[in-house]
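Single-structure report; data block below.
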Amino acid sequence: MIVFIMQKATRFLHLMLNVFPRRHLIAASVVSCCLLILVAYPVSDAKANKQVSEQLSIPIDLPALETSPLIEVEPALRWIEHSVGSGDSLSTLFSRAKLSALDVYKVTSSKDGKLLRNLFPGESFRFGINQSGKLAELHYIQSRLLSRVYSLEGDSYTSELRELEPDTLLSYREGIIKDSLYLSGQQASLPDKVIMELANIFAWDIDFVFDIREGDSFSILFEEKYLNGEMFAVGDIIAASFTNRGKTYDAVRYTDASGRSSYYTPEGLSMRKAFLRAPLDIFRISSGFNLRRKHPIHKMIKAHRGVDYAAPRGTPVFSAGDGKVIAAGYSKANGNYVFVQHGQTYVTKYLHLNKKKVRKGQTVKQRQTIGTVGSTGYATGPHLHYEFLVNGVHRNPRTVKLPQANPISANELAAFKLATTPVLIQLAQSGTAVELAQLQQPTGPQTDTANAN
Ligand SMILES: [Zn+2]
Numbered sequence: 001m002i003v004f005i006m007q008k009a010t011r012f013l014h015l016m017l018n019v020f021p022r023r024h025l026i027a028a029s030v031v032s033c034c035l036l037i038l039v040a041y042p043v044s045d046a047k048a049n050k051q052v053s054e055q056l057s058i059p060i061d062l063p064a065l066e067t068s069p070l071i072e073v074e075p076a077l078r079w080i081e082h083s084v085g086s087g088d089s090l091s092t093l094f095s096r097a098k099l100s101a102l103d104v105y106k107v108t109s110s111k112d113g114k115l116l117r118n119l120f121p122g123e124s125f126r127f128g129i130n131q132s133g134k135l136a137e138l139h140y141i142q143s144r145l146l147s148r149v150y151s152l153e154g155d156s157y158t159s160e161l162r163e164l165e166p167d168t169l170l171s172y173r174e175g176i177i178k179d180s181l182y183l184s185g186q187q188a189s190l191p192d193k194v195i196m197e198l199a200n201i202f203a204w205d206i207d208f209v210f211d212i213r214e215g216d217s218f219s220i221l222f223e224e225k226y227l228n229g230e231m232f233a234v235g236d237i238i239a240a241s242f243t244n245r246g247k248t249y250d251a252v253r254y255t256d257a258s259g260r261s262s263y264y265t266p267e268g269l270s271m272r273k274a275f276l277r278a279p280l281d282i283f284r285i286s287s288g289f290n291l292r293r294k295h296p297i298h299k300m301i302k303a304h305r306g307v308d309y310a311a312p313r314g315t316p317v318f319s320a321g322d323g324k325v326i327a328a329g330y331s332k333a334n335g336n337y338v339f340v341q342h343g344q345t346y347v348t349k350y351l352h353l354n355k356k357k358v359r360k361g362q363t364v365k366q367r368q369t370i371g372t373v374g375s376t377g378y379a380t381g382p383h384l385h386y387e388f389l390v391n392g393v394h395r396n397p398r399t400v401k402l403p404q405a406n407p408i409s410a411n412e413l414a415a416f417k418l419a420t421t422p423v424l425i426q427l428a429q430s431g432t433a434v435e436l437a438q439l440q441q442p443t444g445p446q447t448d449t450a451n452a453n
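Residues in the sequence shown are numbered consecutively from 1, following our numbering.
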């Protein structure tokens, strides 16, 4: 029996060896050893169990702390905490803690003391005062994960950086678009930052203003950061899938050999392409945008060969791609306008702007704000009129064939596949698990917080 269990345990450890980092293995080994001991020395009944616990509760004869000449117990410090508000300096914070200008001087003139010169709102300080009223320890807490501790030694302070490593867990969510991506994301309990990141990942393939339809769906794996068991931040999206009008786009995050993280298709093509589908901040539109209640200006490709995006005045307008501003001016019909040249082949035009944010001759990056939505020129209401020209000919920016995306370099493709395949499998399996869980509860309520349908 014991031999059989040990065989099983060994096999399990071999399996774990392939899956988990060493640190986890040590913990796992300790747990396994304890389990083996428990199996090898079974406690036959409750009475014996009780004996064990009674034995454990017998006080062990150790020398008491005060009788030991080797251990010197430091008297506890009195702690005061103050957070940095706007306009606060070290002096104001010290005086709030009833400390003097001399204390400020002593800390700032010590090693790393000049790091206390630039304080930011949101940071905080913990002052540890000893029994003689001196500042014995100063904790400069820059974030949940990062703090610097100044300790009094003799008459000056030493400094030490303390960094905490958060635990990162992967979280899965899925949803079906009902009214807008933003609202459906919220219904799927996705933090705003993750919803926006999701839209950014697919911004080169999907026009989130025009192309989104009721019934479109998404699934997503993203990081959640935990400290002492408490979730305090969301991290990056690791993998995501978006089905738009029956076509599914998959994306997976990969950090290449040069340390640059980006999103790719499972085949290793960059999600990032030469042109954005919708050249404006879609969340300023879609947070209040309802698919059922379309503004007449939406979904209308005018005879004058452009696309109109109705959007609140002031919505940032982005350059659809990297390029150079070839015109930025005003005319009676166009209002404030900006034209951008992209390489030899493409020109994009942005009309009726409320404000221009670039000048002629300036180079711009993709997604750089070049102006804001307005209604200058011949416009019935605030909207962006967007034109796309290929070799001087107007094309429909929503259907025009755009340049191919860059693939991951051939010599990195094997590493890419190795790193991303398990993540994509996990994304797919999480979805299946949710579906199975729903199938197994046929009598339960059909509403599921993780599935906005
Ligand atoms: Zn127009």
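Idealized CB from N, CA, C, for every residue including glycine.
Buried or exposed: which applies to residue i, given that a residue is buried once 16 or more other Cβ atoms fall within 10 Å of its Cβ?
i: V393; result: exposed
i: Y157; result: buried
i: G335; result: buried
i: T315; result: buried
i: D308; result: buried
i: I212; result: buried
i: Q440; result: exposed
i: D281; result: buried
i: E81; result: exposed
i: T376; result: buried
i: K106; result: buried
i: Y330; result: exposed
i: F232; result: exposed
i: I425; result: exposed
i: L183; result: buried
i: Q344; result: exposed
In this structure, what does DSSP give as the bridge partners for residue i?
i: D250; result: S241
i: V209; result: Paired residue(s): none; V209 is not in a bridge.
i: P316; result: T372
i: H82; result: F125
i: N336; result: Y330, L353
i: I201; result: Bridge partners of I201: none, in fact.
i: M196; result: Partner(s): none; M196 has no beta bridge.
i: Q220; result: The displayed chain sequence assigns Ile, not Gln, to residue 220. Answer is R173, A240, bridged to I220.
i: T255; result: S261
i: V457; result: Shown here, the chain extends from 1 to 453; a query on residue 457 therefore has no answer.
i: L280; result: V317
i: G233; result: According to the sequence as given, residue 233 is Ala; it is not Gly. K225, per the DSSP bridge assignment.
i: V364; result: G323
i: D308; result: H385
i: L269; result: P407
Does the Cβ of residue i lie closer than 8 Å to at least one heavy atom of ligand 1?
i: Y113; result: Here the sequence assigns Gly to residue 113, which means Tyr is not the residue at that position. Result no, Cβ not under 8 Å from ligand 1.
i: L351; result: yes
i: D308; result: yes
i: H383; result: yes
Among residues of its own chain, excluding the 5 on either side of residue i, which ones have a beta-carbon nearer than 6 Å to its beta-carbon?
i: D205; result: Y249
i: F275; result: A320, G321, L402
i: L269; result: A405, P407
i: L221; result: L170, Y172, I238, A239, L427
i: K459; result: The shown model of the chain, from 1 to 453, leaves out residue 459, and the question about it has no answer.
i: I141; result: S124, S147
i: S217; result: I176, T243
i: A251; result: I201, A240, Y263, M271
i: F416; result: Y254, G268, I408
i: T421; result: none
Given residue i, which residues of its chain have a CB within under 8 Å of its CB, disregarding the five upstream and five downstream residues?
i: V364; result: S319, D322, G323, K324, V325, V340, V358, I370
i: W79; result: R126, F127, G128, I129
i: L227; result: R144, L145, L164, P166, D167
i: A278; result: A203, D207, F208, V209, F210, Y309
i: R395; result: F388, L389
i: R117; result: L90, T108
i: H383; result: I297, D308, Y309, A310, A311, H352, V373, S375
i: N354; result: R313, G314, N336, G371, T372, V373, G374, S375, T376, P382
i: R398; result: D207, F210, D211, R277, I301, V307
Apart from the five residues just before and just after residue i, which ones in its own chain have a Cβ nearer than 7 Å to its Cβ?
i: L161; result: R148
i: T449; result: Confidence in T449 is poor, its pLDDT being 40 and thus under 50, which makes the residue's placement unreliable; the coordinate value appears in the next sentence. The answer, listed in chain order, is S189.
i: H295; result: Reliability fails at H295, whose pLDDT of 40 lies under 50, so the model's placement of it is uncertain and no value is given.
i: D88; result: L119
i: K193; result: V234
i: F94; result: D103, V104
i: V400; result: F388, V390
Ligand 3 and residue i: does any heavy atom of the ligand fall closer than 8 Å to the residue's C-beta?
i: R126; result: Among the ligands present in this structure, namely ligand 1, ligand 3 is not found.
Threshold first: 3 residues or longer. Then list the beta strand (DSSP E) segments lying entirely within the stretch 104-188, N to C.
124-129, 135-141, 146-153, 156-163, 167-176
Which runs of the beta strand (DSSP E) spanning at least 3 residues fall entirely within the stretch 390-419, listed in chain order? 393-395
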